[in-house]
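Reviewing the structure listed below.
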Amino acid sequence: MKFDGADLYAALIHELKNDLGLLSLTLDGIPQQDERDATVDAARLLCQGVVDRLQQSLLIYKAIGQPIRPAIDAWSPHDAVHAIRERAAALARGRIRVEAALAPDVPEIWFFDRDLIEMALINAIHNSLAHARSTLRIEAGMTEGCLALTVRDDSAGYPEHLLAGVAENAAFQARGTGLGLQFSRLIAQSHDNQGRRGELRLHNDGGAVFSLLLP
C-alpha cells in the first residue's frame, strides 16, 4: 500500500489519537482518593480534550475540498441529551454540577448524525468545564422549527470576537476554541433538510451559550 504525504498525515493523527486514548484510560484507572487530586483531574480532562481535538482535526482534514457527509438517522433527542449529560458528568468528576433540561415541545424522534453531533457538543462541554464557575447544563428545545441542542454554563461568557465571528460566518483561528467552533459549524452545516442548513449559534446569557440548530 502506497502512502502519499496526505495519507501519512491522516494516519499519524489517527495513531496519536489512539495513543492518547490509551493514556486517558490509564489515568481513569488511577484509584480515587478520599481527597480529590486536582492535578490528576486536570490531567484527565486535558488528555481527553487532546483526544477530541485530534478527532476534530482528522474530520476537518478529511473535509478539505469536499463536504462532510453525515450519516443521518432517526434518534431520540431525549436519549441523546441524557447520554451527553452522563459523559459531561464523567468528565467533570464532581468539580461542577452537570444538569440536563428538555423543553416540553421536543419531539420523541429527530433526524441527525448522532456521532457527529455528540462530538460537537462534547467539544463545547470541554470549553465549559474549563471556564464554568459551578454549573453546566445540556438542553434540548425547538427554535425556528429546528431542534436546538445547547450547552450552557455560568462562566464569564464568550469574548466578543468569537460572537462576532459566528454571527458573520467568518473563519476562526485553527487552534484552541477557534478550531472547536470551526469543527462544530462544519457539522451543523452538514445537516440539511429541504434546503435549510443547520447552524451554530453562540451568545452570552449569564454565561456562555452554545447551540446547534438542526433542521
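If you use the working numbering, the sequence shown closes out at 1072, no skipped numbers anywhere. Even for Gly, the Cβ is constructed at its ideal location relative to N, Cα and C. Only a predicted model underlies this, so the values are computations on that prediction, with no experimental measurement involved.
*Tell whether a beta-carbon distance below 8 Å holds between G1055 and A1065.*
The answer is no: Cβ separation not under 8 Å.
#### Entry: Buried versus exposed call for Q1051 [16 or more other C-beta atoms within 10 Å across all chains shown]
exposed
_Where the alpha helix (DSSP H) through V1023 begins and ends_ = Counted as a single uninterrupted DSSP element, the alpha helix (DSSP H) harbouring V1023 occupies residues E1017 to A1024.
Measuring straight from C-alpha to C-alpha, what distance separates S1041 and A895? 29 Å
query: Within the chosen definition, does the stretch 896 to 911 reach the stretch 927 to 944 through at least 3 CB pairs nearer than 8 Å?
result: Contact fails: fewer than three Cβ-Cβ distances are below 8 Å.
- C-beta contact flag for D909 and N980 at 8 Å: yes
- Note down the Cα distance separating L948 from R990, rounded to an integer number of angstroms. Each residue's CA atom was taken as its position, placing L948 and R990 some 15 Å apart.
For L877 and Q905, the rounded distance between their alpha carbons: 8 Å
Quiz prompt | Other residues of its chain near H1060: CB distance less than 6 Å, five sequence neighbours each side excluded | solution = V1066
**Report entry** Cβ neighbour criterion (16 or more within 10 Å) applied to F969
**Finding:** buried
- Query: Should R1032 go down as buried or exposed, given a rule of 16 or more other Cβ atoms within 10 Å for buried?
  - Reply: Residue placement at R1032 is flagged as unreliable, the pLDDT there being 49, under the threshold of 50; a coordinate-derived value is accordingly withheld.
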